[in-house]
Structures are given as C-alpha cells and as structure tokens.
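Enquirer: The sequence shown begins at 120 in the working numbering and counts up one residue at a time. All C-beta atoms, glycine included, are put in the ideal place defined by N, C-alpha and C. Keep in mind that this is a model prediction, so the values were computed, not measured.
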Amino acid sequence: MTSAGTLGCPATPLLTCVRQSYCAKMAKANITRDLICRQLKEKGALSFERHYHVTDPFIRRLGLEAELQVSGAVLGGKGQSHLSRDGNLLASGSDDQHTIVWDPLNHKKLLSMHTGHTANIFSVKFLPHTEDRILITGAADSKVHVHDLTVKETIHMFGDHKNRVKRIATAPMWPNTFWSAAEDGLIRQYDLRENSKHSEVLIDLTEYCGQLVEAKCLTVNPQDNNYLAVGANGPFVRIYDIRMIHNHR
Numbered sequence: 120m121t122s123a124g125t126l127g128c129p130a131t132p133l134l135t136c137v138r139q140s141y142c143a144k145m146a147k148a149n150i151t152r153d154l155i156c157r158q159l160k161e162k163g164a165l166s167f168e169r170h171y172h173v174t175d176p177f178i179r180r181l182g183l184e185a186e187l188q189v190s191g192a193v194l195g196g197k198g199q200s201h202l203s204r205d206g207n208l209l210a211s212g213s214d215d216q217h218t219i220v221w222d223p224l225n226h227k228k229l230l231s232m233h234t235g236h237t238a239n240i241f242s243v244k245f246l247p248h249t250e251d252r253i254l255i256t257g258a259a260d261s262k263v264h265v266h267d268l269t270v271k272e273t274i275h276m277f278g279d280h281k282n283r284v285k286r287i288a289t290a291p292m293w294p295n296t297f298w299s300a301a302e303d304g305l306i307r308q309y310d311l312r313e314n315s316k317h318s319e320v321l322i323d324l325t326e327y328c329g330q331l332v333e334a335k336c337l338t339v340n341p342q343d344n345n346y347l348a349v350g351a352n353g354p355f356v357r358i359y360d361i362r363m364i365h366n367h368r
C-alpha cells in the first residue's frame, strides 16, 4: 500500500488515511464511463471537472515545455498573453509597447508590431468572429487600441479612461463588442459598429466604493456570456448581468 510519505507528504496517521481514501476513490474511477455521463447529463460536467482536474498523475505530468524568446521585450509580470479560440495563435504584450503573435505549438514568432501605446501593455485580447484578425490592447497610458493584424495597423484608439487600463474582456455571443476595466473605477463598453471614437460607461464602481476604487480584473462567463465579473482593490468580486445594466449615457 502506498504511504503518504512516498507521495511527498509527512507520514502522519491522519494524512495517510486521507491519502489512502483518495487513492482508493481514484482507483475505482472509470473515465470512459464518466465521459459518456458528462455528455448525456448536463449536471455531470461540474462533477467530472471537480473529480479529474486535480489528480496526482496529472499534476506530476505538468512541466515547462518551452520559453518564447523576445529580443528587447519584457514578458511576464505586468504584461499578459491570450490564446485564440482554437489555440493556434498566442498574442502577447509587454513593456516595450509591442504585441507579438506566436505559433505556440511550434514556438515561432509570426508577427510583431508596435501598438501605438506610450506605456507598458497590461492586457491583450483577440476579438471574436474576426478570424483572429483583430486584436485589442489596454495599457498603462490609459488607452485602449484596436489593431488589424493583417495590415499591422492600429485602426481605433480610445482615450476615455482616466487611469491605467488593466483588463480587456470579450465574449463570442457579443460580436464587435468588448469591455475594459481601469484604475479610474470604470468598466467601459465598446461597440465597433456604432462609434469608433467613444465608449460608454457600463459600470461605475465609484458610485458604490468611493473615488479611490480601482478596477483590476474583468472577465465574461464562458458558459453564459451575459454575465460579467469585476474585481477591484477590495475583498469582493461583483457579478453583473449585462442585459440588466442601464448604461450611463
């Protein structure tokens, strides 16, 4: 019988009992059966994810495959990267105000362009339904830029935020629309079909949290694109139904 000590844990009776119980449970698992169950039962997806996503064999297989080398740029830390929907492209932004598009499977740089920003890039996102042609960037210069990668040009520049733009969010259900979160406490919405020069305030956190609030994180629920989660410099994550928000016009 495998002891807790051989799996990297001190061999105390309690931990040994917990580990043995967990291993016994995994030994009885039938992944083929559970995959079929996940397809047939909508509620089975969550239990499948919870059961399999943190197994010891999976964790032990994780490792660094490659490092993408960039001359003169600083990746990581303040910058961010984003995979295209099909996983064939990886876009990265960095402190040198450039964005680079990579072939992540072959570890090759496909394209590099200056974004027009004057400070480090915090967020990059491919715009859905554009065949990965349109890329959006948000940066510490308080600007949001939209780029056409096929011609390596910046086609829209938005300067509505008053502080650093920390995150960009997109959603497949909302074509031509995206959102930004900035340290001025605002979540802004952009629709490239309506106006290419201005955005609208979708959420104003300063109304609820005071003038010192800073929006730091922003994401759209991948299962239901109507729900938007916002994180700020506080202990709460706020979830909004985009359909129910009255825009500040």
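#1: In this structure, what does DSSP give as the bridge partners for lysine 227?
#2: Assuming contact is defined by CB atoms lying nearer than 7 Å, are arginine 286 and leucine 337 in contact in what I supplied?
#3: Terminal residues of the continuous beta strand (DSSP E) containing glutamate 313?
#4: Quick check on this structure: which residue in Ile155, Thr256, Ile361 has the alpha carbon closest to the alpha carbon of aspartate 343?
#5: Keeping to the same chain, check which residues put their C-beta closer than 8 Å to that of threonine 269; ignore five residues upstream and five downstream.
#6: Going straight from the alpha carbon of asparagine 282 to that of alanine 300, what length do you get?
#7: Give me the Cα-Cα distance between threonine 369 and threonine 237, rounded to the nearest whole angstrom.
#8: Report buried or exposed for glycine 195, applying the criterion of at least 16 other Cβ atoms within 10 angstroms of its Cβ.
#9: In its own chain, which residues sit with a C-beta less than 6 Å from the C-beta of arginine 357, not counting the 5 before and 5 after it?
#10: Could you give the distance in angstroms between the alpha-carbon of asparagine 207 and the alpha-carbon of aspartate 222?
#11: Counting along the chain, where does the beta strand (DSSP E) carrying phenylalanine 241 start and finish?
#12: Taking 7 Å as the threshold (beta carbon to beta carbon), is aspartate 222 in contact with chain C?
#13: Based on the DSSP secondary-structure assignment, which residues constitute the bridge partners of glycine 350?
#14: Straight-line CA distance for valine 243 to cysteine 156?
#15: Helix, strand or coil for leucine 187, going by three-state DSSP, please let me know.
#16: Taking all protein chains shown into account, do 16 or more other C-beta atoms lie within 10 angstroms of the C-beta of leucine 246, making it buried, or fewer, making it exposed?
#17: Quick one: what does DSSP say alanine 164 is sitting in, helix, strand or coil?
#18: In whole angstroms, what separates the C-alpha of asparagine 369 from that of aspartate 153?
#19: With a Cβ-Cβ cutoff of 7 Å, do histidine 317 and aspartate 303 count as a contact?
Expert: According to the structure shown:
#1: Counted from its first residue, the sequence shown places residue 227 at position 108. DSSP, once it has assigned bridges, lists Asp222 as partnering lysine 227.
#2: Here residue 286 refers to the residue found at position 167 of the sequence shown. Here residue 337 refers to the residue found at position 218 of the sequence shown. A contact, by the Cβ cut-off of 7 Å.
#3: Locating residue 313 in the sequence shown gives position 194, counting from the first residue. No beta strand (DSSP E) contains glutamate 313, which DSSP labels as neither H nor E.
#4: Position 224 of the sequence shown holds residue 343. Looking at the Cα atoms, Ile361 is the closest of the given residues.
#5: Position 150 of the sequence shown holds residue 269. Excluding residues within five positions, the ones whose Cβ falls inside 8 Å are Arg252.
#6: The residue given as residue 282 occupies position 163 in the sequence shown. The residue given as residue 300 occupies position 181 in the sequence shown. Roughly 10 Å separates the two Cα atoms.
#7: The structure shown has nothing for residue 369, since the chain only spans 120 to 368.
#8: Locating residue 195 in the sequence shown gives position 76, where the first residue counts as 1. Confidence at glycine 195 is low in this model, with a pLDDT of 48, below 50, so its placement is unreliable and the value that follows should be read with caution. So glycine 195 counts as exposed.
#9: Within the sequence shown, numbered from 1, the residue matching residue 357 stands at position 238. Cβ neighbours of arginine 357 beyond the five flanking positions: Val349.
#10: By one-based count along the sequence shown, residue 207 stands at place 88. By one-based count along the sequence shown, residue 222 stands at place 103. Approximately 6 Å between the Cα atoms of the pair.
#11: Taking the first residue of the sequence shown as 1, we reach residue 241 at position 122. Unbroken beta strand (DSSP E) run through phenylalanine 241: 240-245.
#12: Structure shown: chain C not included; a single protein chain is present.
#13: The residue given as residue 350 occupies position 231 in the sequence shown. According to DSSP, glycine 350 bridges with Cys336, Val356.
#14: Numbered from its first residue, the sequence shown carries residue 243 at position 124. Numbered from its first residue, the sequence shown carries residue 156 at position 37. Whole-angstrom Cα-Cα distance: 36 Å.
#15: Along the sequence shown, one-based indexing puts residue 187 at 68. Coil, per DSSP.
#16: Your numbering for residue 246 matches position 127 in the sequence shown. So leucine 246 counts as buried.
#17: Walking along the sequence shown from the start, residue 164 turns up at place 45. Residue state, collapsed to three classes: helix.
#18: For the chain, the structure presents residues 120 to 368; residue 369 sits outside this window and is missing.
#19: Numbered from 1 along the sequence shown, position 198 holds the residue referred to as residue 317. Numbered from 1 along the sequence shown, position 184 holds the residue referred to as residue 303. Not a contact, by the Cβ cut-off of 7 Å.
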